[in-house]
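Positions in the sequence shown are counted from 1; adding 12 to them yields this note's numbering.
Glycine included, C-beta positions come from ideal geometry on N, C-alpha and C.
On a predicted model such as this, the values are computed, not experimentally measured, just so you know.
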Amino acid sequence: MTAMIIQGKEVAQSIRAELAAEVAKLKQQGIVPGLTVVLVGDDPASQSYVRGKAKGCEEVGIRSEVILKDASTTEEELLAIIQQLNENPNVNGILVQLPLPSHISETAVIEAIHPEKDVDGFHPISVGNMVLGNETMLPCTPHGIIELIKRTGTQIAGKHAVVIGRSNIVGKPVSLLLQQENATVTMCHSRTQNLEEYTTKADILVVATGRAHMIGKEHVKPGAVVIDVGVNRIETGKLVGDVKFDEVKEVAGYLTPVPGGVGPMTITMLLKNTVAAARRQAARS
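Written out as structure tokens, the structure reads:
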């Protein structure tokens, strides 16, 4: 068996085409979705992410704005900017690029964003609604993972899913979303003993540990859907995942590569959240 490789870029492009058509219809109704990204400091990786978000907005027809602030910006100044954006009816989505300088509380910043404009899906109200299964902004990477699984044609309901990693950004939310799709979910982490005992029973295996090449073919059930969320730079400078790709592709049914698997989905789901926010806000106005 050789796994079908899930090309995240192709799936993302398909979703963006759908979003572009939806944005065009909204514009006919006088609704122009708008996203504002706030970047504090000059971290090169953050700058690259922000450029990617601006490019994605342009691709689907979302109006985008980037507010650049230097690293000396105070927490009070940043919170004031967020409040102005909360009150601006032309801004449907607000994203403050993380990480922030150490003197600014990420928690305070996340909680300052109005939940209706929380397109990252990190606000406690957004998280609470996700737990309850209510309509809300879903965190982008977990949401993208669910879309990748669905677009393989895999029926999630009734399957046994194993999630390795319990971060607030990926592991915990993706386990909740899998449960909402009626999967039976097992959570594994750094303290889990006899890991193979769990992973070899998984129809769907999501690996989000940040440990290069942690999962080999001995961990994988033949025919399983394997989603590798990890991005690790090894000594050679090469980017690799948490999964031993060359080994696991001989066992799995579907497998995401690194790079090019989950990564392209994150910004795409941010765009999807922004369009949904614009639609909801218009309906309430």
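Exercise. Would a C-beta distance cut-off of 7 Å place Met281 and Gly165 closer than the cut-off?
Worked result: Taking the sequence shown and counting its residues from 1, the one referred to as residue 281 is at position 269. Taking the sequence shown and counting its residues from 1, the one referred to as residue 165 is at position 153. Cβ atoms of Met281 and Gly165: not closer than 7 Å.
For this session: Compare the C-alpha of Arg178 against each of His201, Glu159, Gln109 and name the closest.
Result: If you number the sequence shown from 1, residue 178 lands on position 166. Shortest Cα-Cα distance from Arg178 to any of His201, Glu159, Gln109 involves His201.
For this session: Could you tell me whether any non-hydrogen atom of the ligand FMN is closer than 6 Å to the CB of Val255?
Result: Of ligands this structure carries none, so the ligand FMN is not represented either.
Exercise. If you check the beta carbons only, do Ile176 and Thr212 fall under 7 Å apart?
Worked result: In the sequence shown, the residue the question calls residue 176 occupies position 164. In the sequence shown, the residue the question calls residue 212 occupies position 200. At the C-beta level, Ile176 and Thr212 stay beyond 7 Å of one another.
Exercise. From Pro101 to Gln40, what distance separates their C-alpha atoms?
Worked result: By one-based count along the sequence shown, residue 101 stands at place 89. By one-based count along the sequence shown, residue 40 stands at place 28. One C-alpha to the other measures close to 18 Å.
Problem set entry | Three-state secondary structure (DSSP) of Lys81 | Counting from one through the sequence shown, the residue named residue 81 turns up at place 69. If DSSP states are grouped into helix, strand and coil, Lys81 belongs with the strands.
For this session: Report the three-state DSSP secondary structure of Ile176 (helix, strand or coil).
Result: Mapped onto the sequence shown, residue 176 falls at position 164. Correct three-state label for Ile176: strand.
Exercise. Can you tell me whether DSSP reads Asn285 as helix, strand or coil?
Worked result: Along the sequence shown, one-based indexing puts residue 285 at 273. Asn285: helix per DSSP, three-state reduction.
Exercise. At what residues does the beta strand (DSSP E) containing Thr48 begin and finish?
Worked result: Position 36 of the sequence shown holds residue 48. Judged by DSSP secondary structure, Thr48 falls within the beta strand (DSSP E) whose first and last residues are 46 to 52.
Problem set entry | Residue range of the unbroken alpha helix (DSSP H) whose run includes Asp258 | Residue 258 sits at position 246 when you count from the first residue of the sequence shown. Residues 257 to 260.
For this session: Determine, using beta carbons only, whether Cys270 and Val238 come nearer to each other than 7 Å.
Result: Indexing the sequence shown from 1 puts residue 270 at position 258. Indexing the sequence shown from 1 puts residue 238 at position 226. Note that residue 270 is Val in the sequence shown, not Cys. No, the pair does not count as a contact, with Cβ atoms beyond the cut-off.
Exercise. Going along the chain, which residues of its own chain have a beta-carbon closer than 8 Å to the beta-carbon of Leu107, five neighbours each way excluded?
Worked result: In the sequence shown, the residue the question calls residue 107 occupies position 95. The residues are Leu47, Thr48, Val49, Val50, Lys65, Val131, Asp132, Leu282.
Exercise. Rounded C-beta distance between Val182 and Pro154? I'm assuming under 8 Å.
Worked result: Start at 1 with the first residue of the sequence shown, and residue 182 comes out as number 170. Start at 1 with the first residue of the sequence shown, and residue 154 comes out as number 142. Correct: roughly 6 Å between the Cβ atoms.
Exercise. Where does Gly105 land, buried or exposed, given buried means 16+ other C-beta within 10 angstroms?
Worked result: In the sequence shown, counting from the first residue as 1, residue 105 sits at position 93. When all chains shown are included, Gly105 counts as buried.
For this session: Leaving out five residues on either side along the sequence, give the residues of the same chain with a beta carbon under 6 Å from the beta carbon of Leu189.
Result: Taking the sequence shown and counting its residues from 1, the one referred to as residue 189 is at position 177. Only Pro154, Ile158 meet the Cβ criterion.
Exercise. Rounded to a whole number of angstroms, what is the C-alpha to C-alpha distance between Arg292 and Pro127?
Worked result: For this step, residue 292 is matched to residue 280 along the sequence shown. For this step, residue 127 is matched to residue 115 along the sequence shown. Cα to Cα, Arg292 sits roughly 12 Å from Pro127.
Exercise. In terms of residues, what are the limits of the alpha helix (DSSP H) holding Leu160?
Worked result: One-based indexing of the sequence shown puts residue 160 at position 148. Where Leu160 is concerned, the enclosing alpha helix (DSSP H) stretches over 152 to 162.
Exercise. Per DSSP, what kind of secondary structure is Met199 in: helix, strand or coil?
Worked result: The residue labelled residue 199 in the question sits at position 187 within the sequence shown. The answer is strand: DSSP assigns Met199 an E or B state.
Problem set entry | Coarse secondary structure for Arg63, derived from DSSP in three states | Taking the first residue of the sequence shown as 1, we reach residue 63 at position 51. Arg63: helix per DSSP, three-state reduction.
Exercise. What residue does the beta strand (DSSP E) around Leu112 start on, and which one ends it?
Worked result: Taking the sequence shown and counting its residues from 1, the one referred to as residue 112 is at position 100. First-last for Leu112: undefined, no H or E at that position.
For this session: Please name the residue in Asn285, Val287, Ile137, Gly253 whose C-alpha comes closest to that of Gly272.
Result: As a working note, residue 272 is residue 260 in the sequence shown. Residue Gly253 is the option with its Cα nearest to Gly272.
Problem set entry | Backbone secondary structure at Val219 - three-state DSSP | The count along the sequence shown starts at 1 and reaches residue 219 at position 207. Note: Val219 maps to strand in three-state DSSP.
Exercise. Comparing alpha-carbon positions, which option in Leu150, Leu91, Gly53 lies nearest Leu80?
Worked result: Residue mapping note: residue 80 aligns to position 68 of the sequence shown, counting from 1. For the residues Leu150, Leu91, Gly53, the minimum Cα distance to Leu80 belongs to Gly53.
Exercise. Residues bridged to Asn194 by DSSP?
Worked result: Taking the first residue of the sequence shown as position 1, residue 194 is located at position 182. Its beta-bridge partners do not exist; DSSP assigns none.
Exercise. Closest by CA to Gly170, which one among Ile216, Ala92, Thr248, Lys37?
Worked result: Here residue 170 corresponds to residue number 158 of the sequence shown, with the count starting at 1. Checked all of Ile216, Ala92, Thr248, Lys37; the closest Cα to Gly170 is Ile216.
Problem set entry | When Ala29, Val23, Ala290, Thr148 are compared against Ser76, the one with the closest alpha-carbon | Locating residue 76 in the sequence shown gives position 64, where the first residue counts as 1. Considering only alpha carbons, the answer is Ala290.
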